[in-house]
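Numbering-wise (the numbering used here), the sequence shown opens with residue 137 and increments by one.
Beta carbons: idealized from backbone N, C-alpha and C, even for Gly.
Keep in mind the model is a prediction, meaning the values are calculated, not measured.
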Amino acid sequence: MRRLWSAWVALLSVREPATSLARFRIALGLVVLYSLLSMVAADLVEVMWVDFDHGGLQTLDARHWLVRALGGRTPTTAWTLVGAGLGLGALLVVGLGGRLTALGLLQVYYAINTAKGTLTGGYDTLITNALWLLVFAQSTATLSLDCRRRTGRWTSDEPVPAWPRYLLILQLLVVYGTTGLYKLSPVWTPGGDYSALYWVFQDPTWRRFDMTLTASIYPLTQLATAVTWWWEVLTPLMLVVYWARHTAARGGRLRRALNRYDLRKPWAAIGIGLHLGILAMLNVGPFSWISMSYYLCLIPPRAAQGDR
(Lines of atoms letter the chains of each structure in order from A and count residues from 1; the text may use other names and numbers.)
(Lines give C-alpha, C1' and ligand atoms only; values in the text may rest on other atoms or scores of the structure.)
Protein backbone atom coordinates (compact mmCIF):
# COMPACT_ATOMS: atom_id res chain seq x y z
CA MET A 1 0.00 0.00 0.00
CA ARG A 2 2.85 2.38 0.83
CA ARG A 3 4.39 1.68 -2.56
CA LEU A 4 1.12 2.46 -4.35
CA TRP A 5 0.69 5.64 -2.33
CA SER A 6 4.23 6.75 -3.18
CA ALA A 7 3.58 6.11 -6.88
CA TRP A 8 0.32 8.09 -6.66
CA VAL A 9 2.04 11.03 -4.96
CA ALA A 10 4.84 10.95 -7.53
CA LEU A 11 2.34 11.01 -10.39
CA LEU A 12 0.47 13.98 -8.93
CA SER A 13 3.76 15.78 -8.29
CA VAL A 14 4.79 15.85 -11.95
CA ARG A 15 5.05 19.39 -13.25
CA GLU A 16 5.42 20.60 -16.82
CA PRO A 17 5.08 23.78 -18.90
CA ALA A 18 1.44 24.72 -19.43
CA THR A 19 1.66 24.82 -23.24
CA SER A 20 -0.62 21.85 -23.91
CA LEU A 21 -3.19 23.00 -21.36
CA ALA A 22 -3.10 26.51 -22.79
CA ARG A 23 -3.73 25.26 -26.32
CA PHE A 24 -6.59 23.15 -25.05
CA ARG A 25 -8.01 26.16 -23.18
CA ILE A 26 -7.98 28.21 -26.38
CA ALA A 27 -9.60 25.43 -28.40
CA LEU A 28 -12.24 24.87 -25.72
CA GLY A 29 -13.12 28.55 -25.66
CA LEU A 30 -13.51 28.58 -29.44
CA VAL A 31 -15.77 25.52 -29.30
CA VAL A 32 -17.99 27.22 -26.70
CA LEU A 33 -18.22 30.31 -28.90
CA TYR A 34 -19.10 28.14 -31.90
CA SER A 35 -21.72 26.21 -29.93
CA LEU A 36 -23.49 29.35 -28.73
CA LEU A 37 -23.12 31.38 -31.92
CA SER A 38 -24.52 28.53 -34.02
CA MET A 39 -27.72 28.72 -31.97
CA VAL A 40 -27.84 32.49 -32.38
CA ALA A 41 -27.26 32.24 -36.13
CA ALA A 42 -30.02 29.65 -36.49
CA ASP A 43 -32.40 31.89 -34.48
CA LEU A 44 -32.99 29.08 -32.00
CA VAL A 45 -32.17 30.77 -28.70
CA GLU A 46 -35.78 31.64 -27.85
CA VAL A 47 -37.09 28.45 -29.43
CA MET A 48 -34.92 26.02 -27.46
CA TRP A 49 -33.89 27.84 -24.29
CA VAL A 50 -37.13 29.65 -23.39
CA ASP A 51 -39.94 27.87 -21.54
CA PHE A 52 -43.23 27.11 -23.29
CA ASP A 53 -45.08 29.50 -20.97
CA HIS A 54 -42.87 32.34 -22.23
CA GLY A 55 -43.05 31.50 -25.94
CA GLY A 56 -40.57 28.65 -26.26
CA LEU A 57 -41.02 25.21 -27.80
CA GLN A 58 -41.08 23.01 -24.68
CA THR A 59 -41.54 23.04 -20.93
CA LEU A 60 -38.05 23.44 -19.49
CA ASP A 61 -36.22 22.77 -16.24
CA ALA A 62 -35.50 25.96 -14.28
CA ARG A 63 -33.81 24.48 -11.20
CA HIS A 64 -30.30 25.78 -11.90
CA TRP A 65 -29.48 28.53 -9.43
CA LEU A 66 -28.56 31.02 -12.15
CA VAL A 67 -31.83 30.46 -13.98
CA ARG A 68 -33.80 30.92 -10.75
CA ALA A 69 -31.84 34.07 -9.92
CA LEU A 70 -32.62 35.52 -13.35
CA GLY A 71 -36.34 34.82 -13.09
CA GLY A 72 -36.85 31.51 -14.88
CA ARG A 73 -36.56 30.39 -18.49
CA THR A 74 -37.62 33.69 -20.05
CA PRO A 75 -36.27 35.34 -23.21
CA THR A 76 -34.34 37.80 -21.03
CA THR A 77 -32.74 34.95 -19.09
CA ALA A 78 -31.84 33.07 -22.27
CA TRP A 79 -30.15 36.05 -23.89
CA THR A 80 -28.43 37.05 -20.64
CA LEU A 81 -26.92 33.58 -20.34
CA VAL A 82 -25.91 33.49 -24.00
CA GLY A 83 -24.31 36.93 -23.73
CA ALA A 84 -22.46 35.95 -20.57
CA GLY A 85 -21.35 32.71 -22.21
CA LEU A 86 -19.99 34.54 -25.24
CA GLY A 87 -18.15 37.04 -23.06
CA LEU A 88 -16.64 34.42 -20.78
CA GLY A 89 -15.82 32.22 -23.76
CA ALA A 90 -13.85 35.09 -25.28
CA LEU A 91 -12.02 35.60 -21.98
CA LEU A 92 -11.16 31.90 -21.91
CA VAL A 93 -9.68 32.13 -25.40
CA VAL A 94 -7.47 35.11 -24.59
CA GLY A 95 -6.63 33.70 -21.18
CA LEU A 96 -7.86 36.38 -18.81
CA GLY A 97 -9.21 35.55 -15.37
CA GLY A 98 -7.66 32.13 -14.89
CA ARG A 99 -9.71 29.61 -12.94
CA LEU A 100 -12.50 32.11 -12.19
CA THR A 101 -13.24 32.50 -15.90
CA ALA A 102 -13.45 28.73 -16.33
CA LEU A 103 -15.71 28.43 -13.27
CA GLY A 104 -18.00 31.24 -14.43
CA LEU A 105 -18.28 29.83 -17.94
CA LEU A 106 -18.98 26.37 -16.52
CA GLN A 107 -21.91 27.71 -14.51
CA VAL A 108 -23.33 29.70 -17.41
CA TYR A 109 -22.97 26.93 -19.99
CA TYR A 110 -24.40 24.36 -17.57
CA ALA A 111 -27.33 26.65 -16.79
CA ILE A 112 -28.11 26.86 -20.50
CA ASN A 113 -27.82 23.15 -21.17
CA THR A 114 -29.78 21.88 -18.18
CA ALA A 115 -32.93 23.27 -19.80
CA LYS A 116 -33.93 19.80 -21.02
CA GLY A 117 -32.05 16.58 -21.61
CA THR A 118 -33.38 16.24 -25.16
CA LEU A 119 -31.87 19.62 -26.09
CA THR A 120 -28.29 18.66 -25.29
CA GLY A 121 -25.73 16.24 -26.68
CA GLY A 122 -22.74 14.31 -25.43
CA TYR A 123 -20.57 17.17 -26.65
CA ASP A 124 -22.11 19.46 -24.02
CA THR A 125 -20.97 17.04 -21.31
CA LEU A 126 -17.48 17.01 -22.82
CA ILE A 127 -17.47 20.81 -22.74
CA THR A 128 -18.66 21.12 -19.14
CA ASN A 129 -16.32 18.37 -17.92
CA ALA A 130 -13.42 20.17 -19.59
CA LEU A 131 -14.37 23.48 -18.00
CA TRP A 132 -14.55 21.80 -14.59
CA LEU A 133 -11.04 20.39 -15.00
CA LEU A 134 -9.74 23.81 -16.07
CA VAL A 135 -11.00 25.15 -12.74
CA PHE A 136 -8.21 23.08 -11.16
CA ALA A 137 -5.60 23.69 -13.88
CA GLN A 138 -3.24 26.60 -14.40
CA SER A 139 -4.18 26.87 -18.06
CA THR A 140 -3.42 30.59 -18.32
CA ALA A 141 0.19 30.22 -17.18
CA THR A 142 1.23 30.73 -20.81
CA LEU A 143 -0.27 31.88 -24.13
CA SER A 144 -2.58 34.25 -22.27
CA LEU A 145 -3.25 37.79 -21.18
CA ASP A 146 -2.71 36.60 -17.61
CA CYS A 147 0.81 35.57 -18.58
CA ARG A 148 1.38 38.88 -20.35
CA ARG A 149 0.28 40.83 -17.28
CA ARG A 150 2.36 38.69 -14.94
CA THR A 151 5.62 38.37 -16.89
CA GLY A 152 5.45 40.97 -19.63
CA ARG A 153 5.55 38.17 -22.23
CA TRP A 154 2.91 36.06 -23.92
CA THR A 155 4.65 32.78 -23.15
CA SER A 156 6.23 31.27 -20.07
CA ASP A 157 7.97 28.00 -19.19
CA GLU A 158 6.73 28.13 -15.61
CA PRO A 159 5.96 24.52 -14.60
CA VAL A 160 2.42 23.68 -13.54
CA PRO A 161 0.85 20.44 -12.23
CA ALA A 162 0.45 17.92 -15.05
CA TRP A 163 -2.41 15.91 -13.54
CA PRO A 164 -5.22 18.01 -15.06
CA ARG A 165 -3.85 17.15 -18.51
CA TYR A 166 -3.73 13.49 -17.53
CA LEU A 167 -7.39 13.63 -16.50
CA LEU A 168 -8.34 15.26 -19.79
CA ILE A 169 -6.63 12.39 -21.61
CA LEU A 170 -8.48 9.92 -19.39
CA GLN A 171 -11.75 11.66 -20.25
CA LEU A 172 -11.04 11.16 -23.95
CA LEU A 173 -10.29 7.46 -23.48
CA VAL A 174 -13.43 6.96 -21.39
CA VAL A 175 -15.61 8.63 -24.01
CA TYR A 176 -14.41 6.39 -26.80
CA GLY A 177 -14.41 3.21 -24.73
CA THR A 178 -17.96 3.69 -23.44
CA THR A 179 -19.19 4.78 -26.87
CA GLY A 180 -17.92 1.53 -28.34
CA LEU A 181 -19.58 -0.51 -25.59
CA TYR A 182 -22.89 1.23 -26.22
CA LYS A 183 -22.76 0.17 -29.88
CA LEU A 184 -23.77 -3.44 -29.33
CA SER A 185 -26.43 -3.73 -32.03
CA PRO A 186 -25.78 -6.13 -34.95
CA VAL A 187 -25.14 -3.27 -37.37
CA TRP A 188 -21.99 -2.31 -35.42
CA THR A 189 -20.55 -5.53 -34.06
CA PRO A 190 -18.82 -8.60 -35.56
CA GLY A 191 -22.03 -10.55 -34.93
CA GLY A 192 -23.77 -8.45 -37.58
CA ASP A 193 -22.96 -7.00 -40.98
CA TYR A 194 -21.12 -3.76 -40.08
CA SER A 195 -23.80 -1.73 -41.86
CA ALA A 196 -24.16 1.05 -39.26
CA LEU A 197 -22.42 3.84 -41.15
CA TYR A 198 -24.26 2.96 -44.35
CA TRP A 199 -27.56 3.52 -42.56
CA VAL A 200 -26.30 6.70 -40.90
CA PHE A 201 -25.38 8.08 -44.31
CA GLN A 202 -28.94 7.44 -45.52
CA ASP A 203 -30.54 9.33 -42.60
CA PRO A 204 -31.36 12.93 -43.59
CA THR A 205 -31.32 13.88 -39.91
CA TRP A 206 -27.52 13.67 -39.77
CA ARG A 207 -26.05 13.83 -43.28
CA ARG A 208 -24.86 17.13 -44.72
CA PHE A 209 -25.78 16.28 -48.32
CA ASP A 210 -27.35 13.51 -50.38
CA MET A 211 -25.27 10.38 -49.83
CA THR A 212 -27.09 7.77 -51.92
CA LEU A 213 -23.72 7.27 -53.62
CA THR A 214 -22.61 5.29 -50.58
CA ALA A 215 -24.81 2.41 -51.76
CA SER A 216 -22.29 1.79 -54.55
CA ILE A 217 -19.39 1.63 -52.08
CA TYR A 218 -21.14 -0.41 -49.43
CA PRO A 219 -18.06 -2.56 -48.64
CA LEU A 220 -16.11 0.61 -47.82
CA THR A 221 -18.80 1.72 -45.39
CA GLN A 222 -18.58 -1.72 -43.77
CA LEU A 223 -14.82 -1.35 -43.42
CA ALA A 224 -15.24 2.13 -41.91
CA THR A 225 -17.83 0.78 -39.46
CA ALA A 226 -15.55 -2.07 -38.39
CA VAL A 227 -12.56 0.24 -37.93
CA THR A 228 -14.65 2.68 -35.90
CA TRP A 229 -16.10 0.06 -33.57
CA TRP A 230 -12.91 -1.88 -32.94
CA TRP A 231 -10.92 1.32 -32.45
CA GLU A 232 -13.43 2.54 -29.87
CA VAL A 233 -13.77 -0.67 -27.84
CA LEU A 234 -9.99 -1.16 -27.77
CA THR A 235 -9.27 2.45 -26.76
CA PRO A 236 -9.14 1.67 -22.98
CA LEU A 237 -6.02 -0.39 -23.71
CA MET A 238 -4.26 2.93 -24.29
CA LEU A 239 -4.09 3.13 -20.50
CA VAL A 240 -1.68 0.18 -20.65
CA VAL A 241 0.39 2.06 -23.23
CA TYR A 242 0.59 5.11 -20.98
CA TRP A 243 1.49 2.90 -18.02
CA ALA A 244 4.31 1.31 -20.01
CA ARG A 245 5.71 4.69 -21.00
CA HIS A 246 5.42 6.09 -17.49
CA THR A 247 7.26 3.09 -16.01
CA ALA A 248 9.67 2.46 -18.88
CA ALA A 249 12.69 2.59 -16.55
CA ARG A 250 11.57 -0.63 -14.85
CA GLY A 251 12.16 -2.67 -18.00
CA GLY A 252 10.44 -5.96 -18.78
CA ARG A 253 9.28 -7.59 -22.00
CA LEU A 254 5.82 -6.03 -22.07
CA ARG A 255 7.10 -2.51 -21.46
CA ARG A 256 9.83 -2.87 -24.08
CA ALA A 257 7.35 -4.20 -26.61
CA LEU A 258 4.86 -1.41 -25.99
CA ASN A 259 7.54 1.28 -26.04
CA ARG A 260 9.23 0.05 -29.21
CA TYR A 261 6.84 2.23 -31.19
CA ASP A 262 4.79 5.18 -29.99
CA LEU A 263 1.36 3.56 -30.30
CA ARG A 264 -0.31 6.82 -29.34
CA LYS A 265 0.44 8.25 -32.78
CA PRO A 266 -1.45 5.71 -34.93
CA TRP A 267 -4.27 5.67 -32.37
CA ALA A 268 -4.57 9.47 -32.55
CA ALA A 269 -4.28 9.45 -36.36
CA ILE A 270 -7.25 7.10 -36.65
CA GLY A 271 -9.26 9.24 -34.26
CA ILE A 272 -8.51 12.47 -36.11
CA GLY A 273 -9.38 10.77 -39.39
CA LEU A 274 -12.73 9.63 -38.01
CA HIS A 275 -13.58 13.10 -36.76
CA LEU A 276 -12.58 14.77 -40.02
CA GLY A 277 -14.86 12.32 -41.80
CA ILE A 278 -17.69 13.19 -39.43
CA LEU A 279 -17.15 16.91 -40.02
CA ALA A 280 -17.17 16.44 -43.78
CA MET A 281 -20.25 14.23 -44.03
CA LEU A 282 -22.40 14.54 -40.92
CA ASN A 283 -23.95 17.34 -38.90
CA VAL A 284 -23.66 16.36 -35.24
CA GLY A 285 -23.03 19.77 -33.71
CA PRO A 286 -19.65 20.59 -32.14
CA PHE A 287 -18.94 16.95 -31.17
CA SER A 288 -15.92 16.53 -33.44
CA TRP A 289 -14.55 19.97 -32.61
CA ILE A 290 -14.60 19.42 -28.85
CA SER A 291 -13.29 15.86 -29.24
CA MET A 292 -10.34 16.99 -31.35
CA SER A 293 -9.64 19.76 -28.85
CA TYR A 294 -8.93 17.05 -26.28
CA TYR A 295 -6.29 15.64 -28.63
CA LEU A 296 -4.14 18.70 -27.89
CA CYS A 297 -3.64 17.23 -24.42
CA LEU A 298 -2.02 14.16 -25.97
CA ILE A 299 0.96 16.32 -26.95
CA PRO A 300 3.36 16.47 -23.99
CA PRO A 301 5.13 19.82 -23.56
CA ARG A 302 8.73 19.60 -24.78
CA ALA A 303 10.23 20.55 -21.46
CA ALA A 304 8.02 18.19 -19.44
CA GLN A 305 9.59 15.94 -16.87
CA GLY A 306 9.47 12.81 -18.99
CA ASP A 307 7.48 12.03 -22.14
CA ARG A 308 3.97 11.20 -21.01
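Remark: C-beta atoms of residue 228 and residue 168 approach each other more closely than 9 Å. If you check the CB distance, residue 188 and residue 433 do not come in under 9 Å.
Between residue 313 and residue 371 the beta-carbon gap is near 5 Å, inside 8 Å, which marks them as a contact. Cβ contact annotation for residue 171 (same chain, cutoff 6 Å, sequence separation greater than five): 422, in chain order. If you look at residue 152, you'll find it in the beta strand (DSSP E) that goes 151-153. When secondary structure is reduced to three states using DSSP, residue 333 falls in the helix class. Beta-bridge analysis with DSSP links residue 296 to 152.
Residue environment analysis places residue 376 among the exposed positions, since fewer than 16 neighbouring C-beta atoms fall within 10 angstroms of its C-beta.
Uninterrupted alpha helix (DSSP H) stretches at least 4 residues long and entirely within the segment 169-201 occur at 181-184, given in chain order. DSSP places residue 167 in the helix class (H, G or I) of the three-state scheme. Assignment of residue 418 by DSSP, reduced to helix, strand and coil, places it in the strand class. Taking a contact to require three or more Cβ pairs closer than 8 Å, the segment 231-242 and the segment 265-279 qualify as touching.
The continuous stretches of alpha helix (DSSP H) do not include residue 290, and DSSP gives it neither H nor E. DSSP, reduced to helix, strand and coil, places residue 235 within a helical segment of the structure shown.
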